[in-house]
Amino acid sequence: MELMRIIKKMDAYILKNYLLLFAGTFFICLFIFIMQFIWQYIDDLVGKGLSWDVLAEFLFYASLTLVPMSLPLAVLLASLISFGNMGEKLELLSMKAAGIPLIRILCPIFVVSLFICVASFFFQDRVQPQATRQLATLLWSMRQKSPELDIPEGIFYSDIPGYSIFVQRKDKETGMLHGVMIYSTQGGYDKMEIVMADSARLQGTEDQKHLKLTLYNGERFRNMDSQTGNMLKASIPYMRETFHTEVDMIPFDASFNMMDANLFNGDAKTKEFTKILSGIDSLNIVSDSIGRHYLKIAKGQYLKGTFPKEVQDSAALMARAQEQEPLDSTYMHLNPTQRKTAIKSALANAQSTQAEFEFRGMTTGSTNSTLRRHHMEARKKFTHSLACLIFFFIGAPLGAIIRKGGLGVPVVVSVIVFIFYYIINAAGEKMAKSGEWAVWFGIWLSTMVLTPIGLFLINRANKDSVVFNIEGYQNFFKRLLGIRTKRKLNKKEIIIHVPDYPQLILDIEALAEDCRQYSNRKRLLNIPSYYAIFFRFHEDHVVRELKERVEKLVEQLHNSRDVAIIGALNEMPILYTEAHTRPFNTRRKNMIAGICLPVGILLWLRIWRFRLRLYQDISQIQKLGQFITERINKQIYGQGNQA
């Protein structure tokens, strides 16, 4: 009972922390996606004079369509941060020490993630299609709305239909336009008008249906070709009018007109799951009927020979002649007129057939493309929902392994994982949409890739694996590349055991002699035998013994008060006992590596390098041993005798 009460409190604690983080990360992710979405459609929003209610409606529907994309990233980030915090505060370690496995610790958040997964599916099936329809309606209406008038200086402004306006200078305080030139083609190019005025003022009417253009001190030129007879055409080509003040009303619809949302009902993104399935059945029926119809036409036209009469006559003549001689000879028996007729008819028929097949291909291709999109949208409702669960299986164990909370490392890892997911998902959707891949494979590709990764991380985290231990990877690459590990010994402030220098001198001299004999016996400077390394391996116990003796001497001499001896100990090399003998510990792996020549040659060169380095290390041990012996004899014994 006590354990059950502890587990319930633990579940409540984990859920409280996770739900708060999930709420925060969800709104942050949604805000980021909305900003990216607005930037994508910034050209449709700026300069349109849209009211605040229209912009608010646009942001509302845009946020609804982006919820399914924000949920997986929020689950990933919240899982990483929550379990990273618990790992950093040693709370996970305490729970495991109490006998609670990691799988049990994950259970409350797994239930929440499962609920989010189901809720995401129903949201995509019920809410997102309606929001997508309304958003598409808004975007289309925004694109059709005329822009606000902001006539620039020094260039012709043509956003008013039928008018091209040039303004030399604008007065921003009074709103007056100076040096105005207007080309009007509203009545057609044969009735083009040119207006030149010293100044003008442009204002919108209250009903937002017209623009009021007040012109001051100018002239108007109007083409009269279409309005005069032939006799007046040469003498009066245009009409000229001078004015002091004139007002023109220009048709200009500045209001926002919402189009009918039902026009987008055929799009797969605006349909619920059941309607998508019905649409797929209907499209399959249409596709099959079109295919049967085209097959019937092909059989009737190309198999029964319903070609033009000229082609049939020429073909019949050539067929009869071909029964007696080859086709080339048959063609040579035709007179020039028949040859010309046959070639022209065949070419015209081939071009007509090609154009007909291209048109039929466009028709069937459009139907197949629509069918693929319906299949894609039906499967995306499942994949986007399962992404929430998959990202939980990735984020929670990653947080437990990394053991870093806050917004630093978790945010970086989340962004990397999500970008990886987004690239795979976008590539799969693109291939499925173009028909290069099967729809099911392209849409489920990201799920198939990320699911094994999540299961692997769960397994590693449950076993307290150090998958992301940087020091472990550093040590591995150091061993692989043969990077030396340097000693970092400092002089001790307090020495309890004073070194036995007479015995140490004898040990150093014996070590130096054994190193010299080993180097002469093994001939480390010679090229190693490829066969002996991979197929006739013998362990080198001498190097292991030499390493133990070196480390023992270093440990005893570290108690010395002489700084020079401590410096010599830091230069004492650390011996590798197996790197110069074989690449692997097992005989089978060595034989396989030796048989695979490209790999074997690289490993053989690596072993040769370690043999040369072992020779240098042994020489260094002898040199440093001689220096330490001289240092002990000259300084320490000398000071001791004087004392």
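In this note's numbering, each residue's number is its place in the sequence shown (first place is 1) plus 1289. Ideal Cβ positions, reconstructed from N, Cα and C, are used throughout, including at glycine. No experiment lies behind these values; they were computed from the predicted model shown.
Residue i, buried or exposed, once every other Cβ within 10 Å from all chains shown has been counted against 16
i	result
W1729	exposed
P1597	Residue placement at P1597 cannot be trusted, given a pLDDT of 49 that sits under 50; what the coordinates show is reported in the next sentence. By the neighbour-count rule (16 or more Cβ atoms within 10 Å), P1597 is not buried but exposed.
L1636	exposed
V1484	buried
T1672	buried
I1565	buried
K1558	buried
W1328	exposed
Y1350	buried
R1422	buried
L1521	For L1521, the pLDDT reaches just 42, beneath the cut-off of 50, and the residue's location in the model is therefore unreliable, leaving the point undetermined.
S1267	This structure does not reach residue 1267, given that the chain is present from 1290 up to 1932, and the question cannot be answered.
T1736	buried
R1509	buried
L1814	exposed
L1552	exposed
D1789	exposed
C1936	Residue 1936 lies beyond the range of the chain shown here (1290 to 1932); nothing can be said about it.
T1314	buried
F1532	exposed
M1935	This structure cannot settle anything about residue 1935, because the visible part of the chain is limited to 1290 through 1932.
R1900	buried
V1701	exposed
G1914	buried
For residue i, three-class secondary structure by DSSP
i	result
N1512	strand
H1533	strand
T1503	strand
F1541	coil
Y1865	coil
V1852	helix
K1498	coil
P1446	Reading off the sequence shown, one finds Tyr at residue 1446, where the question assumed Pro. Strand, per DSSP.
G1724	coil
F1873	coil
S1571	helix
Y1330	coil
K1459	strand
M1470	strand
D1487	strand
G1914	helix
I1440	coil
Q1492	strand
S1340	coil
M1263	Outside the shown range of the chain (1290 to 1932) lies residue 1263, about which nothing can therefore be said.
Proximal residues to residue i (C-beta, below 6 Å), its chain only, five neighbours per side dropped
i	result
N1374	G1694
I1296	none
G1376	A1689, R1692
G1650	none
Y1446	I1440, I1454
I1303	P1397
R1776	N1859
E1561	D1414, P1418
L1606	With a pLDDT of only 49 at L1606, under the threshold of 50, the placement of this residue in the model should not be trusted; the figure read from the coordinates follows. There are no such residues.
P1699	L1369, I1370, G1373
Contacting residues, own chain, Cβ-Cβ under 8 Å from residue i (five flanking each side not counted)
i	result
G1724	N1657, S1658, R1661
I1896	P1817, I1822, A1868, H1869, T1870, R1871, P1872
N1779	I1855
S1576	T1653, T1656, N1657, L1660
V1600	Any reading at V1600 is ruled out, since the residue's pLDDT is 46, under 50, leaving its predicted position unreliable.
L1308	V1401
L1746	F1682, I1683, P1686, L1687, I1690, V1756
K1305	none
T1264	Beyond the ends of the chain as shown, which are 1290 and 1932, falls residue 1264; an answer cannot be given.
A1727	A1721
Cβ-based neighbour list, residue i, same chain, cut-off 7 Å, excluding 5 preceding and 5 following
i	result
I1794	T1918, I1921
H1786	N1848
K1669	I1732
A1363	F1311, T1314, F1315, C1318
Restricting to runs no shorter than 4 residues, where is the alpha helix (DSSP H) found entirely within the stretch 1753 to 1834? 1759 to 1770, 1790 to 1811, 1819 to 1824
Contact the stretch 1678 to 1685 vs the stretch 1355 to 1369: 3+ CB pairs below 8 Å: yes
Taking 8 Å as the threshold, find out whether the stretch 1390 to 1405 comes into contact with the stretch 1708 to 1724 through three or more Cβ pairs. Contact between the stretch 1390 to 1405 and the stretch 1708 to 1724 is absent, because fewer than three Cβ pairs lie under 8 Å.
Any alpha helix (DSSP H) of 4 or more consecutive residues that is wholly inside the stretch 1361 to 1394: 1380 to 1386
Going along the chain, which unbroken runs of the beta strand (DSSP E) with 3 or more residues stay wholly within the stretch 1619 to 1659? Correct list: empty.
I'd like to know if the stretch 1884 to 1892 and the stretch 1829 to 1849 are in contact, where contact means that at least 3 CB-CB pairs between them fall below 8 Å. no
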